[in-house]
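Sequential numbering from 427 applies to the sequence shown in my numbering.
Below is one structure, written out as structure tokens; comments come after it.
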Amino acid sequence: MKERLLTPSYILIIAANFLQFFGFWLLIPVLPFYLQEVFGADKTSIGAILSCYTVAALCMRPFSGYLLDTFARKPLYLLAYFLFTTMFGGYMLAGTLTLFILFRIIHGFSFGMVTVSGNTIVIDIMPSSRRGEGLGYYGLANNIAMSIGPMTGLFLHDAAIGYTFIFSCSLGACLLGFLCAALVKTPYKPPVKREAISLDRFILLKGIPAGISLLLLSIPYGMTTNYVAMYAKQIGITASTGFFFTLMAIGMAVSRLFSGKLVDKGMITQVIQAGLYLVCFCFCGLSICGWIASGNLQATTIFFFVIALLLGVGFGTMFPAYNTLFVNLAPNNQRGTATSTYLTSWDVGIGIGMLLGGYTAEVWSFKIAYLIGTTLTIVSLFYFYRRVAPHFQKNRLR
Numbered sequence: 427m428k429e430r431l432l433t434p435s436y437i438l439i440i441a442a443n444f445l446q447f448f449g450f451w452l453l454i455p456v457l458p459f460y461l462q463e464v465f466g467a468d469k470t471s472i473g474a475i476l477s478c479y480t481v482a483a484l485c486m487r488p489f490s491g492y493l494l495d496t497f498a499r500k501p502l503y504l505l506a507y508f509l510f511t512t513m514f515g516g517y518m519l520a521g522t523l524t525l526f527i528l529f530r531i532i533h534g535f536s537f538g539m540v541t542v543s544g545n546t547i548v549i550d551i552m553p554s555s556r557r558g559e560g561l562g563y564y565g566l567a568n569n570i571a572m573s574i575g576p577m578t579g580l581f582l583h584d585a586a587i588g589y590t591f592i593f594s595c596s597l598g599a600c601l602l603g604f605l606c607a608a609l610v611k612t613p614y615k616p617p618v619k620r621e622a623i624s625l626d627r628f629i630l631l632k633g634i635p636a637g638i639s640l641l642l643l644s645i646p647y648g649m650t651t652n653y654v655a656m657y658a659k660q661i662g663i664t665a666s667t668g669f670f671f672t673l674m675a676i677g678m679a680v681s682r683l684f685s686g687k688l689v690d691k692g693m694i695t696q697v698i699q700a701g702l703y704l705v706c707f708c709f710c711g712l713s714i715c716g717w718i719a720s721g722n723l724q725a726t727t728i729f730f731f732v733i734a735l736l737l738g739v740g741f742g743t744m745f746p747a748y749n750t751l752f753v754n755l756a757p758n759n760q761r762g763t764a765t766s767t768y769l770t771s772w773d774v775g776i777g778i779g780m781l782l783g784g785y786t787a788e789v790w791s792f793k794i795a796y797l798i799g800t801t802l803t804i805v806s807l808f809y810f811y812r813r814v815a816p817h818f819q820k821n822r823l824r
């Protein structure tokens, strides 16, 4: 008989996760326009400013894992969630670019902590026999938020709604999410006596090969989430790019319904490899859109949105598998560290993608940026096949 997965606490933390990421995704496609229109920033500066968030989150990740493995997890989760929420209010008060950057950095620190703690707590409260499925549904909340958030943000922006109102929507969503998070009941975690501080308290050393593969994969993903609206405008696509995020999220949602169950059957590396093949094709397709748009814009638009759906399927297939891979390489008392390493690898790539995408678009074009992203994804695929998969099979603990 299967252990129960949908407990009240599990549902509440999924709701908290959804509302947190809704507030986050609402601003993602809007912030480049905000920086350009309000502060007059160019593409290179926009990339640098946006990446401050990811760099700050990256700096916080390793310490988050250590703290979560050492102290009570829920208070840390709530503290980080509250700080994350208040920063949306900070954006409304930022009258100068310097102050905006400061709030952006603080926001990144809190994001680094709240995501690691949320991921770790959801693993604590679900049965281990259904971990892949449970993580799939947990991540599905992100996908639904990614579907609704960017589309809502771009709709409000295109309708000439003020940025203060857009920031207020994010703030309100996260306040509701904080209330849900406060109601989550977590299992008792006894105090842990730590040995002398060493590198493996902050980074899961056995997870480094998988982290490299994930990092290479997340670079073009960072380009896509932050610049796809600008890219579509550059090549002449007039359809609302909010639908790109919607279709991408639908692809993720559909794939998560079966990928998590395959992971629980032990097909972790096979699931990741299948997703990598599909994502390679998609990023190549995004680059091709820039070359063929001038010839047939209507066909390019259709291809552009088909890619969004397939890209969602590819990443939705891989996310719960990658997360489970890291957790299965770590003992139970290093779950926080495993989750931290997983998310750190992802954040490094996202940050590089923001910088590289903005710089490449400024010097050449976005289609060249996606061509570079395609190359990195192919390298990730070969590295995973030759190095990561054999290493995982040799060192897995469960």
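Beta carbons are placed, not taken as given, at the ideal position from N, Cα and C, and that holds for glycine.
In this text the structure is predicted, and so the values were computed from the model without any measurement.
Can you find the residues in the same chain that come closer than 7 Å, C-beta to C-beta, to residue 461, ignoring five residues on each side of it along the sequence? 467, 472, 475
Considering Cα atoms alone, identify which of 685, 635, 717 is closest to residue 816. 635
Give every residue of the same chain whose Cβ lies closer than 8 Å to the Cβ of residue 581, excluding the five residues on either side of it in the sequence, and list them in chain order. 666, 668
Sequence-distant residues of its chain with Cβ nearer than 6 Å to residue 711 (five each side left out): 733
Taking the C-alpha atoms as reference points, what is the distance between residue 464 and residue 456? 12 Å
Does the distance from the C-beta atom of residue 570 to that of residue 679 stay below 9 Å? yes
When 728, 523, 784, 553 are compared against residue 612, the one with the closest alpha-carbon: 553
Proximal residues to residue 806 (C-beta, below 7 Å), its chain only, five neighbours per side dropped: 639, 642, 643, 702
Rounded to whole angstroms, what's the CA-CA distance from residue 565 to residue 753? Just pull it up for me. 15 Å
Outcome for residue 789 when other beta-carbon atoms lying within 10 angstroms are tallied against a minimum of 16: Around the beta-carbon of residue 789, fewer than 16 other beta-carbon atoms lie within 10 Å, marking it exposed.
Reference residue 757, options 495, 802, 608, closest by Cα: Per the Cα distances, 495.
Return helix, strand or coil for residue 439, following the three-state DSSP convention. Reduced to three states, the DSSP call for residue 439 is helix.
Taking 8 Å as the cut-off, does the CB of residue 487 come closer than this to any heavy atom belonging to the ligand GTP? Only the bare structure without any ligand can be found here, which leaves the ligand GTP out of the picture.
Rounded to a whole number of angstroms, what is the C-alpha to C-alpha distance between residue 800 and residue 631? 28 Å
Give every residue of the same chain whose Cβ lies closer than 7 Å to the Cβ of residue 822, excluding the five residues on either side of it in the sequence, and list them in chain order. 754, 755
Spatially closest choice to residue 573 from 765, 709, 670, by CA coordinates: 670
Within the chosen definition, does the segment 498 to 515 reach the segment 763 to 771 through at least 3 CB pairs nearer than 8 Å? no
Alpha helix (DSSP H) containing residue 717: first to last residue? 694 to 718
Compare the Cα-Cα distances from residue 797 to each of 484, 819, 717 and report the closest residue. 717
Coarse secondary structure for residue 820, derived from DSSP in three states: DSSP, reduced to helix, strand and coil, places residue 820 within a helical segment of the structure shown.
Among residues of its own chain, excluding the 5 on either side of residue 539, which ones have a beta-carbon nearer than 6 Å to its beta-carbon? 486, 490, 506
With 16 as the cutoff for other CB atoms within 10 Å, does residue 735 come out buried or exposed? buried
Starting from residue 679 and walking both ways along the alpha helix (DSSP H), at which residues does that stretch end? Element bounds for residue 679: 668 to 690.
Alpha carbon to alpha carbon, how far is residue 811 from residue 588? Taking the CA atoms as reference points, residue 811 sits about 48 Å from residue 588.
Opening and closing residue of the alpha helix (DSSP H) in which residue 797 lies: 792 to 809
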